[in-house]
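Okay, structure first, notes after.
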Amino acid sequence: MNLQFYKKQALQKQKEHKKFLDGLKKKPPKNLDYMVQETHDEVFEKIDCLQCANCCKTTGPLYTEKDIERISKHLRMKQADFEAKFLRVDEDNDKVLQNLPCFFLNGDNTCSIYDVRPKACREYPHTDRKKIYQINDLMLKNTVICPAAFEFVERIMKNLEK
Numbered sequence: 001m002n003l004q005f006y007k008k009q010a011l012q013k014q015k016e017h018k019k020f021l022d023g024l025k026k027k028p029p030k031n032l033d034y035m036v037q038e039t040h041d042e043v044f045e046k047i048d049c050l051q052c053a054n055c056c057k058t059t060g061p062l063y064t065e066k067d068i069e070r071i072s073k074h075l076r077m078k079q080a081d082f083e084a085k086f087l088r089v090d091e092d093n094d095k096v097l098q099n100l101p102c103f104f105l106n107g108d109n110t111c112s113i114y115d116v117r118p119k120a121c122r123e124y125p126h127t128d129r130k131k132i133y134q135i136n137d138l139m140l141k142n143t144v145i146c147p148a149a150f151e152f153v154e155r156i157m158k159n160l161e162k
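Now the structure itself:
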């Protein structure tokens, strides 16, 4: 997987993607949620996250209290110890990883806490959610990080041109 290629493409198409996504927000098609799910499924038939894991290498998820509770229990750690070892509070007052790449990312791009991973990781890159236009800014950021998010926006654009 050529991450540089995807990143370059995404950066070149930022204005075009933003204009398209803003248009979706202004006038969402009736069947948008259905089309989003269908496009998400198509993209992930072709793209294998384990070939990439760029999200785990370059961006840290936000950890909710439920995430911290679940993961620390799984690791048989006190929540306070888990937070002290792995997390920090960022400028938005969110709990995020102290370091990247993610500590839980294995050498083969699998996740050592996959079954209990944070909600943000489970939902990433957010290409299968209803009312997708509510996260336009996030989607634009994700197209630069995640080849699947880039492909998703490109396909949705093509599908709506028809």
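Here the sequence shown stands for residues 1 to 162, numbered as in the UniProt record's numbering. All C-beta atoms, glycine included, are put in the ideal place defined by N, C-alpha and C. None of the values given here were measured: they were computed from a predicted structure.
Outcome for residue i when other beta-carbon atoms lying within 10 angstroms are tallied against a minimum of 16
{"i": "M139", "result": "buried"}
{"i": "H74", "result": "exposed"}
{"i": "R117", "result": "buried"}
{"i": "V43", "result": "buried"}
{"i": "F152", "result": "buried"}
{"i": "K46", "result": "exposed"}
{"i": "S112", "result": "exposed"}
{"i": "L97", "result": "buried"}
{"i": "A148", "result": "buried"}
{"i": "L50", "result": "exposed"}
{"i": "L160", "result": "exposed"}
Residue i, DSSP secondary structure in three states
{"i": "C111", "result": "strand"}
{"i": "R88", "result": "strand"}
{"i": "L100", "result": "coil"}
{"i": "L105", "result": "strand"}
{"i": "L62", "result": "strand"}
{"i": "K15", "result": "helix"}
{"i": "K131", "result": "coil"}
{"i": "K78", "result": "coil"}
{"i": "K95", "result": "strand"}
{"i": "A53", "result": "coil"}
Cβ distance (whole Å) where residue i is taken to contact residue j below 8 Å
{"i": "G60", "j": "L100", "result": "6 Å"}
{"i": "L87", "j": "Y63", "result": "6 Å"}
{"i": "P28", "j": "Y133", "result": "6 Å"}
{"i": "Q155", "j": "T39", "result": "Strictly speaking, residue 155 in this sequence is Arg, with Gln absent from that position. Confirmed, about 5 Å."}
{"i": "F103", "j": "A10", "result": "That belief does not hold up - the Cβ atoms of F103 and A10 are roughly 27 Å apart, past 8 Å."}
{"i": "N109", "j": "A53", "result": "4 Å"}
Range covered by the alpha helix (DSSP H) that runs through residue i
{"i": "V144", "result": "N136 to I145"}
{"i": "M35", "result": "L32 to K46"}
{"i": "A120", "result": "K119 to E123"}
{"i": "A10", "result": "L3 to Q12"}
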